[in-house]
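Engineer: Quick one: structure below, then a few questions.
Residue numbers (my numbering): 18 to 100.
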């Protein structure tokens with residue numbers, strides 16, 4: 018029985034568009050299928066950019082949350098069917 022890989026954390030706080038998505042793409046490049054990637058971002062555009070990147074790459078979006086300090090926490094599940 019296989020287990021899911023440990024989640025990857027992409028700390029993109031303080032980075033502006035398109036840097037959070039670039040950091041996510043770099044992390045995803047070498048990650049195993051089924052890996053959950055958690056992106057922390059302060060750029061409001063990440064709320065739209067990360068889901069758009071996931072959709073275009075064939076990955077699944079998980080949750081999007083924002084804490085009281087304005088930090089977004091977006092989760093992406095990497096799919097084996099992604100290009």
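Backbone N, C-alpha and C fix where the C-beta goes; we use that ideal spot for every residue, glycine too.
For residue 87, which residues of its own chain have a beta-carbon under 7 Å away from its beta-carbon, when the five flanking residues on both sides are left out?
Structural biologist: In the chain shown, the residue the question calls residue 87 occupies position 70. Here the set comprises 59.
Engineer: To the nearest angstrom, report how far apart residue 53 and residue 89 are at their CA atoms.
Structural biologist: Here the question's residue 53 lines up with position 36 in the chain shown. Here the question's residue 89 lines up with position 72 in the chain shown. Between residue 53 and residue 89, the C-alpha separation is close to 16 Å.
Engineer: To which residues of the same chain is residue 40 closer than 6 Å at the C-beta, ignoring the five residues directly before and after it?
Structural biologist: As a working note, residue 40 is residue 23 in the chain shown. Only 27 and 29 meet the Cβ criterion.
Engineer: Can you look up residue 54 in the DSSP assignment and give me helix, strand or coil?
Structural biologist: Taking the chain shown and counting its residues from 1, one reaches residue 54 at position 37. Correct three-state label for residue 54: strand.
Engineer: Round the Cβ separation of residue 38 and residue 66 to the nearest angstrom and send it over; I've been treating them as touching at under 8 Å.
Structural biologist: For the purposes of this step, residue 38 is taken as the residue at position 21 of the chain shown. For the purposes of this step, residue 66 is taken as the residue at position 49 of the chain shown. With a Cβ gap of about 5 Å, residue 38 and residue 66 count as contacting.
Engineer: Could you check if residue 49 is buried or exposed, using at least 16 other CB atoms within 10 Å of its CB as the buried criterion?
Structural biologist: Walking along the chain shown from the start, residue 49 turns up at place 32. So residue 49 counts as exposed.
Engineer: On the criterion of 16 or more Cβ atoms from any shown chain inside 10 Å, does residue 45 qualify as buried, or is it exposed?
Structural biologist: Taking the chain shown and counting its residues from 1, one reaches residue 45 at position 28. When all chains shown are included, residue 45 counts as buried.
Engineer: Can you tell me the Cβ-Cβ gap for residue 94 and residue 76, rounded? I've got them flagged as a contact below 8 Å.
Structural biologist: Within the chain shown, numbered from 1, the residue matching residue 94 stands at position 77. Within the chain shown, numbered from 1, the residue matching residue 76 stands at position 59. About 6 Å; that satisfies the 8 Å criterion.
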